[in-house]
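Protein sequences appear in the order of chains A and B. In this text, residue positions in the first sequence follow our numbering: the first is 1, and each later residue adds one. In this text, residue positions in the second sequence follow our numbering: the first is 403, and each later residue adds one. Think of the CB as a built atom: it goes at the ideal place given N, C-alpha and C, for glycine as much as any other residue. This report refers to the structure that appears directly beneath it.
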Amino acid sequence: MKALVFAIVVVSDLHIDERFAWTDPLVAFLDSLDAGTTLVLNGDSFELDAPERLQEILESQPALTEAFAAFASAANNRLVVVPGHRDEALTLPEVQAVVRDRLGGDVASEGRFVSPDGKILIEHGPARDDGADAFFASHEGDYPLIDDFADRLMGLKYGLATTTEVEASHLESLLMTMSWQQFRRNLEEEVAPPAWDLAAVRAVGDGFLRESLPKDDPLYPRWDGVGLSLDEFTDDELLAICDYRAAVRRARRRMERGISQLARVGPVVAECPRSEDTAGPSFSYYWSARDKQYESVGDFSAVVRGHTHLADSGFNPGPMEDGPRILNAGTFRRTMTPARFEVLKEERGASTEELLRSLTDDDLAPCHGFVRIDAYEGEPEPTLHYWMQGEDGGFTIERRCR
Amino acid sequence: MLRSAGVASALLLALSVSAEDWPEWRGAGRLGVWNETGILDRFPDEGLDVKWRVPLGGGYSGPSVADGRVFVLDFEPTRRNEGFERIVCFDEATGEILWEHRWETNYTGLQLVYASGPRATPTVDGDRVYALGAMGNLVALRVADGSVLWAKDFVKDFGAAVPVWGMPSAPLVDGERVIALAAGEPDAKVIALHRDTGEEIWRALSSDWEPGYTQPIIFDYAGKRQLVIWHPRAITSLDPGSGELFWEQPYIVSMGMTVSTPIMGGPFLFVSSLYDGARMLRLDETTSEPTVVWESDGFSEIQTDKIHTLINTAVIDGDYLYGIDSYGQIRCLELATGRRIWESLDVTKEKQRWTAAFFVRQGDRYFINNDRGELIIAKLSPEGFDEIDRTPLIEPTSKTVRRRELGAVHWSHPAYANRHIFVRNDKEMLKASLEGEIR
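In structure tokens:
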């Protein structure tokens, strides 16, 4: 007997509002799904800054509303909506009633979806008020696609590089840019990283802040003009910066894909000075963090997250041989990567600000990310896919976004 | 009459059979070639004739064999990730422990599922043996009694940042130099130490990127002895005497995963990694400057076009190359073009990520130990994988993060010496006869 009879498809971070530009691809995608599919909208599906907004948004998007409802009403199909941080209002009964009545779906009121056999966990992922949302809201008029970067905080970074509005809260947000730090954030105080020597850090002076970024970071050249002082940062914030430096250093030294969000090869940053008793490899906290993360999801075989807009085909955090595999569905929206952004700057001879102002939907990669878990007998095999639009306008499912 | 016949047979045997030690990683010169004759053609029906078994702790370190002694490293945990690494010297004939030397270590900081013990094969050079622990403890010992000549700690002495899968690179002895991948900061990725004193002779290459997990190897080519270091940013050729750069071919490898050993066949120099695939260089016959002949297309370890090996080192045989791809497929590629001739799962029997097998050439055939703990005799040709025989070798005991049919893997390279195989897992080491009729 199969553990999972029907397929699960996970779509994250649609951010649907009145201006949603991806209705046609999404409707085509819904039409393409096999009968007997459970579709999970994995957080930040709607821009709900107030409970009544869902009704308004659905009325403004009749084709999409109809497509969701048609999908949900088909035999053996199921639509599940997982709340994220931008649509937290989905936890309210009156909003759940709208989902049920207009879309034919259920809200995962626990904030996560667990498959009937208990092997698959789907959740939006840890999120917090990172200052990015406010920055995006105040700059979307000038920079229309600033919220469409993958990773989403790269939009914040490029935006900040054009302003003098850098605040400590922004910097703190940028310290959490990397997708793997999304799970590290779950760890709270349980992780024992190296003990950073904050007295030595403060002795470095204000230059410490700028040198916390690799020299090819878009924010690096702007740092001096921002006039930030170390005195504005608490010890906890400096500790976070030191963790970030260690993580960036590690990513750069290993030339890891999709982690630093910058070019794979480039300048490294130095670690913060450590206390003497935490010197040496025993205090490289990365694997400790992974092992801790494993403990929190170790009963599952597959974990699918969203929030970062950065698709991740998955990793197994160890230390046990039987999973889980942790993926990030990225976003169904088309996105701009830092690598693509730099190419466009070069091709168009544009500054960061000029390009941010002039980006259009056509500049975004024609890929809509999603995760699919086919019916299985043994263990689930979640895989990252892209709903891709070809030059002829037709859509195909691909394993890579080209 | 009988006595005379016996003497004659012994003389004939002595004349016809060459015995050979296995003093370092992949045998003399690190070439993965076993030159002895008098090796069996098929395995006994009842299985290998095991001469001795001895208990051993955890580790991937393969044994080395020299002058009647067998050397291997292991790990004995004490609490959590702490414990003692050990080099043990056994009597080759009996398996009796002749001496051992231990040092304290702590594997915290490694990916713990793989933190079972040392990785590097000890290197024997005459009356000395050099051993490297997983956390960068290098020790030089007298073969005779295990007394310490000198010791280095790559972390304390060179500021090394130990990579997450530990320090696997077997020390390479070249004249008076012991060459090691030390990962030292800021510019001691590779070091040469004096074999007698441990004093530094030279250091080379930046540690702004990880050291990788490959083995240093020296090739003689274009009138130069070239120390080839394949690290995650380039394939680099150094002067083994001075550490000065001969040439460098950029090649970015993700996650620091330069694991397999570089191989040469004529002017061709080949490396391959899991994520970034293969790169075949051709070295100029005069200057030895490299040019890329072919490389893997794309960037996927799942849908691979040429070959993406991980811990398997490929072999070059004539105009063809054979290796294990990312999911356990043995592939035959045309050496000059990288064109795939065939692939098969017959070696590993299991299509799973990181599945491995290790090749050693023996005459016109190969001895292959796969990670299911089997030993295979096979011929490799453009016509296909021709399995001659297969037998159980040793129990797979190593954990891996992938689900495997047997629940564990065997990822240690054996030693082939004096017509026997010496192999270890995380519980024991054994010596089994591979002696056969003179061929």
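Inset, instruction - Could you tell me the boundaries of the alpha helix (DSSP H) in which Pro93(A) lies? - result: Taking the first sequence and counting its residues from 1, one reaches residue 93(A) at position 93. For Pro93(A), the enclosing alpha helix (DSSP H) starts and ends at 93–98.
Legend entry - Ala246(A) vs Glu271(A) beta-carbon contact at 7 Å: Position 246 of the first sequence, counted from the first residue, corresponds to residue 246(A). Position 271 of the first sequence, counted from the first residue, corresponds to residue 271(A). Their beta carbons are under 7 Å apart, which means Ala246(A) touches Glu271(A) by this criterion.
Legend entry - Cβ pair Pro613(B), Lys591(B) closer than 7 Å: Stepping through the second sequence from its first residue, residue 613(B) is reached at position 211. Stepping through the second sequence from its first residue, residue 591(B) is reached at position 189. Judged by beta-carbon spacing, Lys591(B) lies within the 7 Å limit of Pro613(B), meaning their Cβ atoms are closer than that value.
Inset, instruction - Report the partner residues of His368(A) according to the DSSP bridge assignment. - result: By 1-based counting over the first sequence, the position of residue 368(A) is 368. Paired residue(s): Trp387(A).
Inset, instruction - Pick helix, strand or coil for Gly786(B), following the three-state DSSP scheme. - result: Numbered from its first residue, the second sequence carries residue 786(B) at position 384. Three-state DSSP puts Gly786(B) in a strand.
Inset, instruction - Using a Cβ cut-off of 9 Å, pull out every chain B residue sitting near Arg253(A), in sequence order please. - result: Mapped onto the first sequence, residue 253(A) falls at position 253. Going along chain B in sequence order, the residues near Arg253(A) (Cβ under 9 Å) are Ala563, Pro565, Ser609, Asp610, Trp611, Glu612, Pro634, Gly658.
Legend entry - heavy atom of the ligand HEM below 6 Å from Lys215(A) C-beta: Absence of the ligand HEM is noted for the structure shown, with no ligands found whatsoever.
Legend entry - Residue burial classification, Ile397(A) (beta-carbon count within 10 angstroms, cutoff 16): Within the first sequence, numbered from 1, the residue matching residue 397(A) stands at position 397. Ile397(A) is classed as exposed because its beta carbon has fewer than 16 other beta carbons within 10 Å across all chains shown.
Legend entry - Beta carbon proximity, Ile654(B) to chain A, threshold 7 Å: Locating residue 654(B) in the second sequence gives position 252, where the first residue counts as 1. Output row for Ile654(B): interface = yes.
Legend entry - Which residues DSSP lists as bridging Lys626(B), in chain order: The residue labelled residue 626(B) in the question sits at position 224 within the second sequence. Bridge partners of Lys626(B): Tyr623(B).
Legend entry - Which residues DSSP lists as bridging Asp555(B), in chain order: Working through the second sequence from its first residue, we reach residue 555(B) at position 153. DSSP output for Asp555(B) lists Asn539(B) as bridge partner(s).
Inset, instruction - Label Lys215(A) either buried or exposed according to how many other C-beta atoms from any shown protein chain fall within 10 Å of its C-beta, with 16 as the threshold for buried. - result: In the first sequence, counting from the first residue as 1, residue 215(A) sits at position 215. Classification of Lys215(A): exposed, given that the 10 Å Cβ count is below 16.
Inset, instruction - Tell me whether Glu776(B) is buried or exposed, calling it buried when 16 or more other Cβ atoms sit within 10 Å of its Cβ. - result: Working through the second sequence from its first residue, we reach residue 776(B) at position 374. With 16 or more other Cβ atoms within 10 Å, it is buried.
Inset, instruction - Let me know the secondary structure DSSP gives Asp392(A) once reduced to three states. - result: As a position in the first sequence, residue 392(A) is number 392, starting the count at 1. In the structure shown, Asp392(A) falls within a coil segment according to DSSP collapsed to helix, strand and coil.
Inset, instruction - Drop a sphere of 10 angstroms on the beta-carbon of Val9(A), count the other beta-carbons inside from all chains shown, and report buried for 16 or more, exposed for fewer. - result: Your numbering for residue 9(A) matches position 9 in the first sequence. Residue environment for Val9(A): buried (at least 16 other C-beta atoms within 10 angstroms of its C-beta).
Legend entry - Three-pair Cβ contact test at 8 Å for the region 348–359 of chain A versus the region 142–162 of chain A: A contact exists between the region 348–359 of chain A and the region 142–162 of chain A.
Legend entry - Short CB-CB distance (under 7 Å) between Val265(A) and chain B: Counting from one through the first sequence, the residue named residue 265(A) turns up at place 265. For Val265(A), the answer is yes, since a Cβ of chain B falls inside 7 Å of its Cβ.
Inset, instruction - Give the residues of chain A in contact with Ser518(B), contact being defined as C-beta atoms less than 9 Å apart. - result: Position 116 of the second sequence holds residue 518(B). Per Cβ cutoff of 9 Å: no residues; Ser518(B) is ~11 Å from chain A at best.
Legend entry - Ser814(B): contacting residues in chain A (beta-carbon distance under 8 Å): Taking the first residue of the second sequence as 1, we reach residue 814(B) at position 412. Close partners of Ser814(B) in chain A (Cβ separation under 8 Å) are lacking, with about 18 Å as the shortest Cβ gap.
Legend entry - Residue closest to Lys453(B), alpha-carbon to alpha-carbon, out of Asp828(B), Ile823(B), Gly838(B): Walking along the second sequence from the start, residue 453(B) turns up at place 51. Out of Asp828(B), Ile823(B), Gly838(B), Ile823(B) has the C-alpha closest to the C-alpha of Lys453(B).
Inset, instruction - For the alpha helix (DSSP H) containing Cys242(A), list its first residue and its last residue. - result: Start at 1 with the first residue of the first sequence, and residue 242(A) comes out as number 242. Annotation for Cys242(A): the continuous alpha helix (DSSP H) segment containing it runs 235–254.
Inset, instruction - Would you tell me roughly how many angstroms separate the C-alpha atoms of Ile790(B) and Phe71(A), rounded to the nearest one? - result: Counting from 1 along the second sequence, the entry for residue 790(B) is found at position 388. Counting from 1 along the first sequence, the entry for residue 71(A) is found at position 71. Within the model, the alpha-carbon separation for Ile790(B) versus Phe71(A) is close to 57 Å.
Inset, instruction - Mind listing, in chain order, the continuous beta strand (DSSP E) runs of no fewer than 3 residues lying wholly within the region 596–678 of chain B? - result: Runs of the beta strand (DSSP E) inside the region 596–678 of chain B: 602–606, 619–623, 626–633, 636–640, 647–652, 665–667, 670–675.
Inset, instruction - List the residues of chain A that Ser702(B) touches, going by C-beta distances under 9 Å, in chain order. - result: By one-based count along the second sequence, residue 702(B) stands at place 300. Simply Arg399, Arg400.
Legend entry - Cβ-Cβ separation, His170(A) to Phe136(A) (assumed contact under 8 Å), whole Å: Indexing the first sequence from 1 puts residue 136(A) at position 136. Indexing the first sequence from 1 puts residue 170(A) at position 170. That belief does not hold up - the Cβ atoms of Phe136(A) and His170(A) are roughly 12 Å apart, past 8 Å.
Legend entry - Val268(A) at chain B interface by Cβ criterion, 7 Å: Walking along the first sequence from the start, residue 268(A) turns up at place 268. Yes - at least one Cβ of chain B is within 7 Å of the one on Val268(A).
Inset, instruction - Please confirm if Glu256(A) has its CB atom under 7 Å from at least one CB of chain B. - result: Counting from one through the first sequence, the residue named residue 256(A) turns up at place 256. Yes, Glu256(A) lies at the interface with chain B (some Cβ there is under 7 Å from its Cβ).
Inset, instruction - Using a Cβ cut-off of 7 Å (strictly closer), state whether Met178(A) contacts chain B. - result: To locate residue 178(A), count along the first sequence from 1; it is residue 178. Caution applies to Met178(A), whose pLDDT of 48 falls short of 50 and renders its modelled position unreliable; the model cannot decide the point.
Inset, instruction - Could you have a look at Gln55(A) and say whether DSSP puts it in helix, strand or coil? - result: Against the first sequence, residue 55(A) aligns to sequence position 55. In the three-state scheme derived from DSSP, where H, G and I count as helix and E and B as strand, Gln55(A) is classed as helix.
Inset, instruction - Output yes or no for whether 7 Å exceeds the beta carbon distance between Val566(B) and Leu512(B). - result: Along the second sequence, read from residue 1 onward, the residue named residue 566(B) stands at position 164. Along the second sequence, read from residue 1 onward, the residue named residue 512(B) stands at position 110. Pairing Val566(B) with Leu512(B) gives a Cβ-Cβ distance under 7 Å.
Legend entry - Given Asp231(A) as reference, the closest of Thr308(A), Asp217(A), Val201(A), Val248(A) once Cα atoms are compared: The residue labelled residue 231(A) in the question sits at position 231 within the first sequence. Looking at the Cα atoms, Val201(A) is the closest of the given residues.
Legend entry - Assigned secondary structure, Gly720(B) (DSSP; H/G/I helix, E/B strand, else coil): For the purposes of this step, residue 720(B) is identified with residue 318 of the second sequence, where counting begins at 1. DSSP places Gly720(B) in coil when its eight states are reduced to three.
Inset, instruction - Note down the Cα distance separating Leu219(A) from Ser351(A), rounded to an integer number of angstroms. - result: The residue you call residue 219(A) lines up with position 219 of the first sequence. The residue you call residue 351(A) lines up with position 351 of the first sequence. C-alpha separation (whole angstroms): 13 Å.
Legend entry - Sequence-distant residues of the same chain with beta carbon closer than 8 Å to Asp34(A), five excluded per side: Here residue 34(A) corresponds to residue number 34 of the first sequence, with the count starting at 1. In the same chain as Asp34(A), and ignoring 5 residues on each side of it, the C-beta atoms closer than 8 Å to its own belong to Ala7, in chain order.
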